[in-house]
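Going by full-length UniProt numbering, the sequence shown opens with residue 1, and the numbers climb by one from there. Glycine included, every Cβ here is placed at the ideal spot set by N, Cα and C. Computed from a predicted structure; not experimentally measured. Below: the structure, in structure tokens.
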Amino acid sequence: MSLESVPPKYAQLVTELQRRIESGQYPPGSAMPSEHMLIAEFDVSRPTVVAALRVLRDQGWIDSRQGKGRFVRGRPALASLESARAGQVRLAGSEAAVPGEVLAAGVVDAPNRVRSLLGIGSSGKAFLRRRLLTADGAPSELLSLWLPLDLAESTNLTSAEPLKQGVRQHLESRKGVKFDHVVEHIVARMPTGEEADALSMRTGTPVLVVYATARDAAGRPLMVVDTVLPADLHELEDAYPLA
1 MSLESVPPKY
11 AQLVTELQRR
21 IESGQYPPGS
31 AMPSEHMLIA
41 EFDVSRPTVV
51 AALRVLRDQG
61 WIDSRQGKGR
71 FVRGRPALAS
81 LESARAGQVR
91 LAGSEAAVPG
101 EVLAAGVVDA
111 PNRVRSLLGI
121 GSSGKAFLRR
131 RLLTADGAPS
141 ELLSLWLPLD
151 LAESTNLTSA
161 EPLKQGVRQH
171 LESRKGVKFD
181 HVVEHIVARM
191 PTGEEADALS
201 MRTGTPVLVV
211 YATARDAAGR
221 PLMVVDTVLP
231 ADLHELEDAY
241 PLA
């Protein structure tokens, strides 16, 4: 089976290998196919295979043993919950895969919270890309990407068309930055008039707002993902291991 024409290739490979582990084709304790075998079967490059195996290892599906290879651990108990974190999903997912429309894309005066999270100081200017996402044909959430002005230059974020790749991948390839971690804050409040209109909300319904600040390894803020969710349509869930 060839995955070469389906971007991103490594993500498609991850999905297929997870399916094989869950189905028992690769049972716990068994050795994973070698990199050479995966390259030949899926007709992809070695970096694609290495990236996919790294994801599986980091998520706990497989482990590596020095000098022996990679072995199946099985489906991680928290895999499905951990993958659903809002900031991670919005940074990695293709805009084209989520129905919606671009409402704004340009330089604006950032609100105080975003200024603080981005560390942009007194200038108050930031680049905003805002989309209204839909589910089953109805408004579901407002998604805003806030970036320092220099990071938005020479990118496709001003386009009214949805990005075919994830925002993280786009910025890392265009700007040479490296995303390392995300810090999330969740607040509950009443919607602004603009938010209520865009989301077709009933009077008196609050919103949940998830602020996900993506940072590099040095802690420098690169982008804020601001997701406004009608509280009567969404439920936030998290899971974590106990030490």
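- Start-to-end residues for the beta strand (DSSP E) that takes in Arg174: As a first step, residue 174 is located in the sequence shown; it is residue number 174 there, counting from the start. Counting along the chain, Arg174 falls outside any beta strand (DSSP E), though it belongs to the alpha helix (DSSP H) covering Val167 to Lys175.
- Item | Sub-8 Å separation of Thr227 and Val209 beta-carbons | Position 227 of the sequence shown, counted from the first residue, corresponds to residue 227. Position 209 of the sequence shown, counted from the first residue, corresponds to residue 209. For Thr227 and Val209, yes; Cβs fall inside 8 Å.
- When you compare each of Leu229, Pro221, Pro230 and Asp232 to Ile120 by their alpha carbons, which one comes out closest? As a position in the sequence shown, residue 120 is number 120, starting the count at 1. Considering only Leu229, Pro221, Pro230 and Asp232, the residue with the shortest C-alpha distance to Ile120 is Pro221.
- Message: Please state whether the Cβ-Cβ distance between Leu53 and Arg75 is less than 8 Å.
- Response: Within the sequence shown, the letter at position 53 stands for residue 53. Within the sequence shown, the letter at position 75 stands for residue 75. The Cβ-Cβ distance between Leu53 and Arg75 does not fall below 8 Å.
- Every unbroken beta strand (DSSP E) inside the segment 109-187 [3 residues or more]: Correct list: 125-135 and 138-147.
- What whole-angstrom Cβ distance do Leu118 and Trp146 have, given they're in contact under 8 Å? Translated into positions along the sequence shown, residue 118 becomes position 118. Translated into positions along the sequence shown, residue 146 becomes position 146. Indeed, because the Cβ distance is near 6 Å, the residues count as touching under 8 Å.
- Can you check whether the CB of Ala92 is closer than 8 Å to the CB of Pro139? In the sequence shown, counting from the first residue as 1, residue 139 sits at position 139. In the sequence shown, counting from the first residue as 1, residue 92 sits at position 92. With contacts defined as CB atoms closer than 8 Å, Pro139 and Ala92 fail to qualify as a contacting pair.
- Message: Quick check on DSSP: helix, strand or coil for Val44?
- Response: For the purposes of this step, residue 44 is taken as the residue at position 44 of the sequence shown. Here Val44 sits in coil by DSSP.
- Roughly how many angstroms separate the alpha carbons of Asp180 and Asn112, rounded to a whole number? Within the sequence shown, numbered from 1, the residue matching residue 180 stands at position 180. Within the sequence shown, numbered from 1, the residue matching residue 112 stands at position 112. If you take the alpha carbons of Asp180 and Asn112, they lie about 24 Å apart.
- Arg202 by DSSP, collapsed to three states: which one? Start at 1 with the first residue of the sequence shown, and residue 202 comes out as number 202. Coil, per DSSP.
- Where Val55 and Ile21 are concerned, what is the direct C-alpha to C-alpha distance, given to the nearest angstrom? The sequence position of residue 55 within the sequence shown is 55, counting from 1. The sequence position of residue 21 within the sequence shown is 21, counting from 1. Separation of Val55 and Ile21 (C-alpha to C-alpha, rounded to the nearest whole angstrom) is 14 Å.
- Query: Secondary structure at Glu35, three-state DSSP: helix, strand or coil?
  - Reply: On the sequence shown, residue 35 is found 35 positions in, with the first residue counted as 1. Assignment of Glu35 by DSSP, reduced to helix, strand and coil, places it in the helix class.
- Task: Use the C-beta contact count for Gln66: other C-beta atoms within 10 angstroms, 16 or more gives buried, fewer gives exposed.
- Result: As a position in the sequence shown, residue 66 is number 66, starting the count at 1. Label assigned to Gln66: exposed.
- CB Leu133 to CB Leu143, shorter than 8 Å? The residue you call residue 133 lines up with position 133 of the sequence shown. The residue you call residue 143 lines up with position 143 of the sequence shown. Cβ distance < 8 Å, so Leu133 and Leu143 count as in contact.
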